[in-house]
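Those sequence lines, one after another, are chains F and C. Numbering-wise (our numbering), the first sequence opens with residue 1 and increments by one. Numbering-wise (our numbering), the second sequence opens with residue 1001 and increments by one. Single-structure report; data block below.
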Amino acid sequence: MTKERQKHIRNFCIIAHIDHGKSTLADRLIEKTGVIAIRDMEAQVLDNMDLEKERGITIKLTSVKLNYKSKDGEDYIYNLIDTPGHVDFTYEVSRSLAACEGAIVIVDATQGIEAQTLANVYLALDNNLELYPVINKIDLPSADPEFVKKEIEDVIGLDAGNAALISAKEGIGIEEVLEGIIKYIPHPQGDEDAPLKALIFDSLYDSYKGVIAYIRVIDGKVRPGMDIKMMSNGAIYEVVEVGTLRPAMFPSSELLAGEVGYITGSIKNVRDIHVGDTITDAKNPCLTPLPGYRKVTPMVYCGIYPADGADYNDLRDALEKLQLNDAALLFEPETSIALGFGFRCGFLGLLHMEIIQERLEREYNLDLVTTAPSVIYHIMKTNGEMVEVSNPTNMPSPQEIDYMEEPIVEASIMSPTEYVGTIMELCQNRRGIFKDMKYMEETRAIINYELPLNEIIYDFFDALKSRTKGYASFDYELKGYAKSDLVKLDILLNGENVDALSFIVHKEKAYNRGRAMAEKLKDVIPRQMFEIPIQAAVGQKIIARETVKALRKDVLAKCYGGDISRKKKLLEKQKEGKKRMRQVGSVELPQEAFMSVLKLDD
Amino acid sequence: MGNIGLYIHIPFCKKKCLYCDFNSYDIKSLDENAYIDALIEEINFYANEQKYNFKTVFIGGGTPTIINPGNIVRIMQAVEKNIQTDAEITIECNPGTVDKKKIDIYKAIGINRISIGLQAWQDDLLGVIGRIHKREDFLRSFTLFRDSGFNNINVDLMFSLPGQNMDMWIETLTKVCNLGVEHLSCYSLIVEETTPIYALIQSGKLIIPDEDIDREMYKTAKEILNNYGLKQYEISNFSKDGLCCAHNLVYWNNEEYLGVGAGSHSKIGGKRFWNYSYVNEYIKNIRDKKSAIEGFENISILEDSWETIILGLRLNSGIALSDFNDKYKTNFLKQYEKTLIKLKEEALIQIQTDRVILTDKGQDLSNRVFVEFMK
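Here you go:
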């Protein structure tokens, strides 16, 4: 009986490159299965954050339970699990994949396979998922489904014979996909009578219910009143509510093996729930947890400061609120001589960092100053101690350092072959080590490099995009740490070291970066009452120098009756501008100065 | 009502100069007589409804001297009964727009001060900035005024013009001083974003002197004019003893004034108000017996005190502390103690027994000073 029930369940997700139509297909599936009346459907229902809609990407994953009556009259339950579509969230993607038996792989009929699709396909294969290829956008004049089919077979090694040809936007081929899911995606085969074993693939904070964990029950069952145990840390909670997502929360009496849904307990902090963790019955636990769990660790750090020191508490409150739903966001108080009180924040990657900064500014209306991003360096001291440094200010003095290590990533870049030369040049400039290059077909190649993470956190994406006219796609994964010859580059303004402008850089690049930084600062620092020398220094050695000349003129030549209100507004604007400047010693610095290091073209 | 200043706006020009962002229009495109009718109606409204006594009158523009002199007569007749006997009455003039007949009329109706916009001595420079007159036009007009007995004449000059160098500027200053003018205004070119010259400079078609040369030119003007007995009394204004522009002092002393005509601003009784700028909108409102006033703002005591500071500091005589303290029931030195210390350290201001004034550096960077006093 239990097997019979699970035969009518399909748990799957959709894998696609940005813009290849994942959200649109999800919308169509939801629409066709009638969970939400069409008139209530907002475009792209699974992406429910404004920011996500604007950027066209999914940040926070959710799942939805759909009821489908197949052509032969059988009732099926589809659990569509949404996955975030960006490299920063690889681990989260891998966990939501682990909650499924199969995945729909969408490939754009006009673009073919991209690096991100491939990266996620590999993740899906690692999790033993069955793949069901779907070729989207076949209504476009430039669509070439036959070519894409061949590519799917050549590159992924997947039989594309059963691929559905669809246009999610126009609603073409959606029924074929709904039927295909039954055929090509296996049903779950859990043991309902075994001890509870469930995978947490996401969590959400709700101010009434506390933390809500999204789970996939692998074996056994879970129901309210039961005591459950988190296998990573042994924490025990009583289950208050279980239910399914349609996509609103729909309480039920229990969740059984093979099902997807949510549970709540009196869990106060999202940090107590770890994505990838295994939930079991506290009284009758399973023997081993599900494989693949790891603690998420931030890779990129930066300082975030309120533009107005008075907003420090507001910034802390905002970060706390964001953290409720984002276990990957770390922050701790830090102080900068230049910027005052703020926070050192850790992110999964650059996109994650940008998203958090934007949300703080947009949703919490904060005016921020952010310092250049940094990675975590391992510093081996002469006394044998190892320290991790993410803020250049905390770097020990050179005589205390035996050697340093920096994080290295394995990067794969997929691009039309005509750009291979320029991409290789870019990677070489960024201290990359060439690994290999494979031709996917005659016109496209995948290039693999090992790159120091600190070389890609600045402007690598932008540089790659501009050099390849946007055709290259990029994916990376942390490989480990490697010994490296690094130095701290300091910036002195008017003879004073400005801590928030320091950064760690490879020794060979220090001179060029220092010079570029000094030139950039000369452009962004407005003339002031006195001359301001700008110096870039490594240790005691000055490696570059520029000067901002003293301001000579700031006067309104005319001011008569009709001019007064206008001139007053002008002065008020000037005052506003002054307020936005940071006073660093005797020098007033505009906010963009702190991000200058991000915009050095090299 | 006490004695106040009166500004009368004539928004017509033969051609707009490339740097001009004033409220002025091509005279051929508009109905001069209809405008003057409306203007007189507005003047009558104030003259009849309330008791104003004008200690100064300034007919500005635009180019007031291009309109029919009969219309200037009508305007003066409308305000006549409210003008104080010894009032300073100025008309703005562009070179080449007056003849003997016009000038005699101005004289006859009591106008006693002339302000001529020369801007530069060099004809090619005048061409660059879109002026339609030549130096000769200026000389002819100037002589006509002098010959008719006008003994209080101002000339407007500009520096930091595209293509202007220090020699040209010195030539302009000395030639004009040698004519024996009573008053000079020297303006550093303000490049407003809405003007054609802005685009020309942005695109690199015109090049203006840099900040350092600009300040050299300003310093040179102060020195040369001082040698000719033209003393600086405001950031951009110089005059012979006792011949400061009384009307403009009304603004800088933050006193009350009424402005009539399109786009004019007034400040009376703790309020600032302004008329519709577009000539036809202004005329229509008056014709429809509606107010010409487009908007107003109340000026709080605090704001008014700031205006007194930023306007007063434009003057070389600065702010008179006892007057300020009486007017705002405060102690200026105490209220702004920190600000004053900072500004003094930066050598932007000087504090004298009963006055605070800008230093030369303070004049160059006066906006910095004004911003510091803002609450």
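C-beta: ideal position from N, C-alpha, C; glycine also.
- Sequence-ordered contacts of the region 539-558 of chain F with chain C read LYS549, LEU551, ARG552, LYS553, ASP554, VAL555, LEU556, ALA557 and LYS558 [C-beta pairs closer than 9 Å].
- According to the DSSP assignment, CYS427 of chain F belongs to the alpha helix (DSSP H) that extends over 420-429.
- Taking the Cα positions, ILE1213 of chain C is about 33 Å away from LYS1338 of chain C.
- Taking C-beta atoms under 8 Å as the contact rule, LEU1161 of chain C and ALA1120 of chain C qualify, at a distance of about 6 Å.
- Chain F places a beta carbon closer than 8 Å to that of LEU1365 of chain C, counting this residue as a contact.
- Taking a C-beta cut-off of 9 Å against chain C, the contacting residues of the region 566-587 of chain F are LYS567, LYS568, LEU570, LEU571, GLU572, GLN574, LYS575 and LYS578, listed in chain order.
- In the pairwise beta carbon analysis, the region 91-101 of chain F is classified as touching the region 196-204 of chain F: at least three pairs are separated by under 8 Å.
- With distances taken between CA atoms, LEU521 of chain F lies nearest to F:LEU501 out of F:LYS149, F:LEU501, F:THR382 and F:ASP314.
- Between the C-alpha atoms of PRO133 of chain F and ALA103 of chain F there is a straight-line separation of about 8 Å.
- At a cut-off of 8 Å between C-beta atoms, ILE532 of chain F does not count as an interface residue with respect to chain C.
- Counting only residues of its own chain and dropping the five nearest sequence neighbours on each side, THR83 of chain F has a CB closer than 6 Å to the CB of CYS13, LEU61, VAL93 and SER96.
- Straight across, the Cα-Cα distance linking LEU1243 of chain C with ASP1086 of chain C is about 14 Å.
- Taking a contact as a CB-CB distance under 8 Å, the pair ILE1349 of chain C and LEU1358 of chain C counts as one, their CB atoms being some 6 Å apart.
- Sequence-distant Cβ neighbours of THR335 of chain F in its own chain, meaning closer than 7 Å and more than five residues away, are PHE341.
- Within the region 162-179 of chain F, no residue has a Cβ lying closer than 8 Å to any Cβ of chain C.
- Under the 8 Å Cβ criterion, the region 458-474 of chain F does not count as touching the region 486-497 of chain F, having fewer than three qualifying pairs.
- Proximity of chain C to GLY21 of chain F at the Cβ level (cut-off 9 Å) is not reached, the minimal Cβ distance being about 44 Å.
- Burial state of GLY1062 of chain C is buried, judged by a 10 Å Cβ sphere holding 16 or more other Cβ atoms.
- Against chain F, a Cβ distance below 8 Å from ARG1272 of chain C picks out ILE564 and SER565.
- For TRP1306 of chain C, the enclosing alpha helix (DSSP H) starts and ends at 1301-1312.
- Look at the beta carbons and you see the region 119-138 of chain F touching the region 150-159 of chain F: at least three pairs across the two are nearer than 8 Å.
- Between PHE1373 of chain C and TYR1336 of chain C, the CB-CB gap stays under 8 Å.
- Between the alpha carbons of VAL387 of chain F and LEU1343 of chain C lies a distance of about 47 Å.
- Taking 7 Å as the upper bound on Cβ-Cβ separation, chain F lies near residues TYR1187, SER1188, ILE1190, GLU1211, ASP1212, ASP1214 and ARG1215 of the region 1185-1219 of chain C.
- Here the C-alpha atom of LYS483 of chain F lies approximately 13 Å from the C-alpha atom of LEU453 of chain F.
- The C-beta distance from PHE594 of chain F to THR370 of chain F rounds to 7 Å, short enough to fall under 8 Å.
- Using a C-beta cut-off of 8 Å, the region 259-271 of chain F makes contact with the region 241-248 of chain F, since at least three inter-stretch Cβ pairs fall below that distance.
- Look at LEU1118 of chain C: its C-beta is not under 8 Å from any C-beta on chain F.
- Of all residues in the region 1249-1260 of chain C, the ones placed with a Cβ closer than 7 Å to any Cβ belonging to chain F are TYR1251, TYR1257 and GLY1259, in chain order.
- Annotation for MET353 of chain F: VAL300, CYS302, CYS345, PHE347 and PRO373 place their beta carbon closer than 8 Å to its own, counting only its chain and skipping 5 residues before and after.
- By the rule that beta-carbons nearer than 8 Å mark a contact, ARG1113 of chain C does not touch chain F.
- The contact set of GLY1263 of chain C on chain F, defined by CB atoms closer than 9 Å, consists of GLY562 in chain order.
- Taking the beta carbon of VAL1371 of chain C as reference, the chain F residues within 7 Å of it are LEU571, GLN574, LYS575 and LYS578, listed in sequence order.
- With its beta carbon at least 8 Å from every one in chain C, MET299 of chain F lies outside the interface.
- Those residues of the region 214-238 of chain F placed with their C-beta closer than 8 Å to a C-beta in chain C do not exist.
- ASN1248 of chain C counts as buried, since no fewer than 16 other beta carbons sit within 10 angstroms of its beta carbon.
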